[in-house]
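Same order as they appear, the protein sequences are chains A and B.
Okay, so the first sequence: first residue is 1 according to UniProt numbering, each after it adds one.
Okay, so the second sequence: first residue is 1 according to UniProt numbering, each after it adds one.
No residue lacks a Cβ here, since even glycine has one placed at the ideal position from N, Cα and C.
2 protein chains.
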Amino acid sequence: MAADRVRILETIQNYIDFVGKGTADDVLGLYAEGATVEDPVGTDVRTTRESIREFYAAIEPLEQETRLISAKVADGQAAFLFEIVTRVGDQSYTLAPIDVMTFDDDAKITSMRAFWSNDDMAIS
Amino acid sequence: MAADRVRILETIQNYIDFVGKGTADDVLGLYAEGATVEDPVGTDVRTTRESIREFYAAIEPLEQETRLISAKVADGQAAFLFEIVTRVGDQSYTLAPIDVMTFDDDAKITSMRAFWSNDDMAIS
Numbered sequence: 001m002a003a004d005r006v007r008i009l010e011t012i013q014n015y016i017d018f019v020g021k022g023t024a025d026d027v028l029g030l031y032a033e034g035a036t037v038e039d040p041v042g043t044d045v046r047t048t049r050e051s052i053r054e055f056y057a058a059i060e061p062l063e064q065e066t067r068l069i070s071a072k073v074a075d076g077q078a079a080f081l082f083e084i085v086t087r088v089g090d091q092s093y094t095l096a097p098i099d100v101m102t103f104d105d106d107a108k109i110t111s112m113r114a115f116w117s118n119d120d121m122a123i124s
Numbered sequence: 001m002a003a004d005r006v007r008i009l010e011t012i013q014n015y016i017d018f019v020g021k022g023t024a025d026d027v028l029g030l031y032a033e034g035a036t037v038e039d040p041v042g043t044d045v046r047t048t049r050e051s052i053r054e055f056y057a058a059i060e061p062l063e064q065e066t067r068l069i070s071a072k073v074a075d076g077q078a079a080f081l082f083e084i085v086t087r088v089g090d091q092s093y094t095l096a097p098i099d100v101m102t103f104d105d106d107a108k109i110t111s112m113r114a115f116w117s118n119d120d121m122a123i124s
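So this is what it looks like as structure tokens:
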């Protein structure tokens, strides 16, 4: 029995909010035990809680704003386009990845794969 | 050696154009031998050329307009958000799926998985 659409959309919105303004532990709390993270696609897959925490701890101190652009749920899985704007001094770095996630019955994330590349980064 | 970003983006644009205005065989020509199609995610995976052709032949006669909204390429794979507007009489049915594709060295599609559900359909 897959998690329902509404709960999956809540997890996605929480994910985006926490990546922007939350702590690494806030984000980690959305992941199921045994979850995997591949960000971006093609890099080593993180398979331990410690390595996933390390990934989000690296972005925790950054000044970031995030917003969901579009989320699609199908059969307990989802893909969504969102935007991250990182401010460093006077410059803004804007990236809009598409993340693909699978979820357990409680709508906790069991896997995340992020599609983006440096070519997608806009600097203003 | 993965296909390069530019060729993958060309294949994606051709895919979107052919789904809108091309024939089933136009679309099929973008797929590698042995490719698979799961549209939407959670339905039976089409594994034969005949079954993939049948899928696109079903939409070939429809009056459709398509446009790419955002495509992200990573390591010879891609995810993209696009819009399909289908006109039936006076009504327009708008759907914006996120498709995830893998590609061979020649940027032919080796797998396609489409994230969308009926909840995403807008009627105007």
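With a Cβ-Cβ cutoff of 8 Å, do PRO61 (chain A) and LYS72 (chain B) count as a contact?
For the purposes of this step, residue 61 (chain A) is taken as the residue at position 61 of the first sequence. For the purposes of this step, residue 72 (chain B) is taken as the residue at position 72 of the second sequence. No; because the gap between Cβ atoms is not below 8 Å, this pair is not in contact.
Please determine if the stretch 105–115 of chain A and the stretch 21–40 of chain A are in contact, where contact requires at least 3 C-beta pairs separated by less than 8 Å.
Enough Cβ pairs lie closer than 8 Å, so yes.
Using 8 Å as the Cβ pair cut-off and three pairs as the minimum, do the stretch 19–29 of chain A and the stretch 48–56 of chain A touch?
In short, these stretches touch, since the Cβ pair count reaches three.
So with Cβ pairs under 8 Å, would you call LEU68 (chain B) a contact of chain A?
Working through the second sequence from its first residue, we reach residue 68 (chain B) at position 68. No, LEU68 (chain B) lies away from the interface with chain A (no Cβ there is under 8 Å from its Cβ).
Quick test of your reading: VAL100 (chain B) and ALA79 (chain B), contact by CB under 8 Å. State the CB separation rounded to the nearest angstrom.
As a first step, residue 100 (chain B) must be located in the second sequence, where it is residue number 100. As a first step, residue 79 (chain B) must be located in the second sequence, where it is residue number 79. Confirmed, Cβ separation roughly 5 Å.
Listed in chain order, which residues of the stretch 47–73 of chain B have Cβ atoms closer than 9 Å to some Cβ of chain A?
Listed in sequence order: ILE69, SER70, ALA71, LYS72 and VAL73.
Would DSSP call ASP26 (chain A) helix, strand or coil?
Walking along the first sequence from the start, residue 26 (chain A) turns up at place 26. Three-state result, ASP26 (chain A): helix.
How would you call ALA114 (chain A), buried or exposed, if buried means at least 16 neighbouring beta carbons within 10 angstroms?
Walking along the first sequence from the start, residue 114 (chain A) turns up at place 114. Classification of ALA114 (chain A): buried, given that the 10 Å Cβ count is 16 or more.
Along the stretch 7–24 of chain A, where does the CB come closer than 8 Å to a CB of chain B? Name the residues.
Here the close residues number zero.
Where DSSP assigns a beta bridge to ASP4 (chain A), which residues make up the other side?
As a working mapping, residue 4 (chain A) is identified with position 4 in the first sequence. ASP4 (chain A) is not bridged to any residue.
How many whole angstroms separate the CB atoms of LEU95 (chain B) and ILE84 (chain B), which I take to be in contact at a CB cut-off of 8 Å?
For the purposes of this step, residue 95 (chain B) is identified with residue 95 of the second sequence, where counting begins at 1. For the purposes of this step, residue 84 (chain B) is identified with residue 84 of the second sequence, where counting begins at 1. Rounded, the Cβ-Cβ distance is 5 Å, consistent with contact.
Of all Cβ atoms in chain B, is any one closer than 8 Å to the Cβ of GLN91 (chain A)?
As a working mapping, residue 91 (chain A) is identified with position 91 in the first sequence. So, not an interface residue.
Report buried or exposed for ASP90 (chain A), applying the criterion of at least 16 other Cβ atoms within 10 angstroms of its Cβ.
On the first sequence, position 90 is the one that residue 90 (chain A) refers to. Exposed, by the Cβ-count rule.
Could you check whether the Cβ of PHE115 (chain A) sits closer than 8 Å to any Cβ belonging to chain B?
Counting from 1 along the first sequence, the entry for residue 115 (chain A) is found at position 115. Cβ-Cβ to chain B under 8 Å: yes for PHE115 (chain A).
Count the other CB atoms, across all protein chains shown, that sit within 10 Å of the CB of ILE8 (chain B); report buried if there are 16 or more and exposed otherwise.
Your numbering for residue 8 (chain B) matches position 8 in the second sequence. ILE8 (chain B) is buried by the Cβ-count criterion.
Could you name the residues of the same chain whose beta carbon sits closer than 8 Å to that of GLY76 (chain B), not counting the 5 residues immediately before and after it, in chain order?
Position 76 of the second sequence holds residue 76 (chain B). These residues qualify, in order along the chain: ALA2, ALA3, ILE8, THR102 and PHE103.
What residue range is occupied by the uninterrupted alpha helix (DSSP H) comprising ALA58 (chain A)?
For this step, residue 58 (chain A) is matched to residue 58 along the first sequence. ALA58 (chain A) -> alpha helix (DSSP H) spans 49–59.
Name the chain B residues whose beta carbon is nearer than 7 Å to that of VAL41 (chain A)?
Counting from 1 along the first sequence, the entry for residue 41 (chain A) is found at position 41. Here the neighbours are ALA74, ASP75 and GLN77.
Helix, strand or coil: how does DSSP classify VAL41 (chain B) here?
Locating residue 41 (chain B) in the second sequence gives position 41, counting from the first residue. Coil, per DSSP.
Taking VAL88 (chain A) as the reference, which of A:PHE82, A:GLU63, A:SER117 and A:ASN118 has the closest Cα?
The residue given as residue 88 (chain A) occupies position 88 in the first sequence. Per the Cα distances, A:GLU63.
Counting along the chain, where does the beta strand (DSSP E) carrying LYS72 (chain A) start and finish?
For the purposes of this step, residue 72 (chain A) is identified with residue 72 of the first sequence, where counting begins at 1. Where LYS72 (chain A) is concerned, the enclosing beta strand (DSSP E) stretches over 63–74.
Among A:SER70, A:TYR93, A:SER92 and A:ALA74, which residue has its Cα nearest to the Cα of PHE82 (chain A)?
Working through the first sequence from its first residue, we reach residue 82 (chain A) at position 82. Answer by Cα proximity: A:SER70.
Can you tell me whether GLY20 (chain B) is helix, strand or coil according to DSSP?
As a position in the second sequence, residue 20 (chain B) is number 20, starting the count at 1. Here GLY20 (chain B) sits in helix by DSSP.
Identify, in the order they occur along the chain, each residue of the same chain with its Cβ nearer than 6 Å to the Cβ of PRO40 (chain B), setting aside the five sequence neighbours on each side.
Working through the second sequence from its first residue, we reach residue 40 (chain B) at position 40. Same-chain partners within the cutoff: ALA114 and TRP116.
Going straight from the alpha carbon of GLY20 (chain A) to that of THR86 (chain A), what length do you get?
Against the first sequence, residue 20 (chain A) aligns to sequence position 20. Against the first sequence, residue 86 (chain A) aligns to sequence position 86. Rounded to the nearest angstrom, the two C-alpha atoms are 9 Å apart.
Taking GLU65 (chain A) as the reference, give the member of A:ALA74, A:SER51, A:MET112 and A:ILE16 with the closest Cα.
For the purposes of this step, residue 65 (chain A) is taken as the residue at position 65 of the first sequence. Residue A:ILE16 is the option with its Cα nearest to GLU65 (chain A).
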